[in-house]
Structure formats: structure tokens, C-alpha cells
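These notes are about the structure you will find just below.
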């Protein structure tokens, strides 16, 4: 018996070049810029090297974005890297990437951002502690060390946030898109406000004396080489991630061959500049030692608290909650398009 295959409906081409660039910027700005500078400083020790790590990460990310832009122009359909690997190398590589994206890459990023969302929610809800109440401690060799595996209030809340966003996206892409646009606007404005405050009224004499001048490249007794800088880039590259997600929606761009390369390149440049300025703002407000010792690595909240007092802590925590929630909404929305 013969069967007739129904033609596959095309996606509506409703995403402009500006929309695509905004999607790149919105997907990249999540929790990382407000957190990872603390860990980077604990590894490199010097304020100058902190900025070097962010700058090099931006250059590496830009090279990746320009490369992906060329691939996106060749394969402008939905699917992103899955399509590039399947068509450019072999279906096997596309298959392996698709499963890795599902099991590790996208899911791991969503989990990390969800934990950050719960961590900043704890500013308003102190009961959301990271203390594990049902589990055990697993011992790994250094530098990993001991890891607490099990349930904690923060982890349970993080899982609940992912479940809520999944429910929103299942209800329809229009609702998810409205939420994404609104949250992206708010979090970008919050980061810009933090930068302006840190570069103006937030400048602190103690921080300037501790971070700049003779101390700019000072690492104390620590030995810092290329290996340490490379390891420190793990955090900054995490904060730079998700620029490629716009490729998953290639079929919905009005002119994907032109708009995808532009959106990836321009979006990465914008975010790199914002991230560098944010770290300069941190160094204007807080001494390097205070950044490295920020409670639960919440550098953004510590900086704004130093500028505005206790209201600043809560304002930044709320902004980062919105940022991480919106970031995960974008990750869930775009990642599903691969399949």
C-alpha cells in the first residue's frame, strides 16, 4: 500500500536582524557576569589578570561566533550545530552532538543557571540554604575535593524553576517569547545601571588604591602562568556561552544568510564590552580581596550593596533573579528546536 508523505510546514520568518542580535545578547547575559569574577580572582589573584581573562575569553568567543556565522550562512535552517555537523562532516557526528546536547551541554547549562537563580532568591528567602540535608559527601582528588551530593533547599527550588519554565514553554512559544523579550530588557538595563553606578558614584578610594597602580598586576606569593589563566577562563567562557543558540532558530530569520553572521558577531562584541565594563566597575567599588571573598560568589550584589547599602543588595539580587530566569527561558525555548 502506497503512502503519501506530507510536506513539512515552514517556520514563519518573523525574526529580524535586530531581533536576532537581541536574542544573542539576551541568551549570553545570565548569571555568570554577576558570579564568576570571584572564582577568577581566587585563581589569578591580580586585578589586571582578571580583566585579561575576560578580554581573552571575549576574543575566543568572537572567533567562534564568526566561524559559526559562516556555517550559519551555508546552512541557514533550524538546528544550529547539529545541522553543521551532520551536513559538514557526517550524520554520525550530528547524531552524537544531538545526544550530547540533550544529556550534557544544554541540560548542564540550564541546571547551572537554575542553581544561580536559587542562590540569589536566597537573598529574599534565607531558608533556601545550600546545605545538603539528604545525601552524602563524595571525595574527589584535588583540585575538585569534596562534593556534597544530595538534596538541599536551593537545589529543590532550582529544579522547581526549570519545571515551571518547561510548563510555560509547553503552553506555547508565543507566551515564552513575550516572557523572554521582557526579561531580556530588564536584565540588560540592570547590568547597564550597575556599570554606570560603579564607574561614577560608586568609585571607592580604598578599592582604587588596592586594585590599580602598583597592585594592578600583583599576584602576591602566587605563581600565575598560562595554565592558571586558562583554567580561570572556564568561568568567563561559561558566562560567554549561549551566543550560538540563535542558530537553532535559523529557519525563522528573515534573511538568515546575512542576519545570522551579523547577530552572532555583533552580539558577542556587545556582551564582551559590557562584561569588561562590569568588571572595571567591580574593581572601582570593591578591593580584589573583597571580590574574591564575596558571600556565595555574589559579586554583583556585593558591589551594589557597597554603593547603595542594603537596598542595593536586594535590588541587584532581584535583577539577577530576573536575568537567570530569563536566560533559562531562552535556553529551554531555543534548545528544543534542535529536535
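In the working numbering, the protein residues as written are 25 to 363.
Note that the Cβ used here is the ideal one computed from N, Cα and C, for glycine as well.
Every value quoted in this text rests on a predicted model; they were computed, and no experiment measured them.
8 Å Cβ cutoff met for residue i and residue j
{"i": "residue 74", "j": "residue 80", "result": "no"}
{"i": "residue 210", "j": "residue 353", "result": "no"}
{"i": "residue 144", "j": "residue 344", "result": "yes"}
{"i": "residue 348", "j": "residue 55", "result": "yes"}
{"i": "residue 243", "j": "residue 86", "result": "no"}
{"i": "residue 141", "j": "residue 185", "result": "yes"}
{"i": "residue 159", "j": "residue 174", "result": "yes"}
{"i": "residue 44", "j": "residue 292", "result": "no"}
{"i": "residue 253", "j": "residue 128", "result": "no"}
{"i": "residue 97", "j": "residue 281", "result": "yes"}
{"i": "residue 83", "j": "residue 262", "result": "no"}
Backbone CA spacing between residue i and residue j [nearest angstrom]
{"i": "residue 230", "j": "residue 330", "result": "12 Å"}
{"i": "residue 363", "j": "residue 103", "result": "8 Å"}
{"i": "residue 311", "j": "residue 342", "result": "24 Å"}
{"i": "residue 273", "j": "residue 241", "result": "43 Å"}
{"i": "residue 58", "j": "residue 214", "result": "11 Å"}
{"i": "residue 308", "j": "residue 106", "result": "43 Å"}
{"i": "residue 150", "j": "residue 110", "result": "47 Å"}
{"i": "residue 314", "j": "residue 152", "result": "24 Å"}
{"i": "residue 189", "j": "residue 52", "result": "18 Å"}
Cβ neighbour criterion (16 or more within 10 Å) applied to residue i
{"i": "residue 299", "result": "buried"}
{"i": "residue 157", "result": "exposed"}
{"i": "residue 288", "result": "buried"}
{"i": "residue 224", "result": "exposed"}
{"i": "residue 260", "result": "buried"}
{"i": "residue 16", "result": "The structure shown does not extend to residue 16, since the chain is modelled only from 25 through 363, so no value can be given for it."}
{"i": "residue 48", "result": "buried"}
Beta-carbon proximity list for residue i, same chain, < 6 Å, skipping 5 on both sides
{"i": "residue 26", "result": "In this prediction, residue 26 has a pLDDT of 40, which is less than 50 and means its spatial position is unreliable; what the coordinates show is noted afterwards. Result list for residue 26: empty, nothing under 6 Å."}
{"i": "residue 137", "result": "54, 55, 348, 351 and 352"}
{"i": "residue 78", "result": "260, 299, 300 and 303"}
{"i": "residue 193", "result": "200, 356 and 357"}
{"i": "residue 359", "result": "130"}
Same chain, Cβ closer than 7 Å to residue i, five either side skipped, listed in chain order
{"i": "residue 72", "result": "240 and 241"}
May I have a chain-ordered list of the alpha helix (DSSP H) segments no shorter than 4 residues that lie completely inside the region 268-332? 280-309, 312-316 and 323-332
Please go through the region 51-103 and give each complete alpha helix (DSSP H) segment of 4 or more residues, from N-terminal end onward. 61-68 and 71-98
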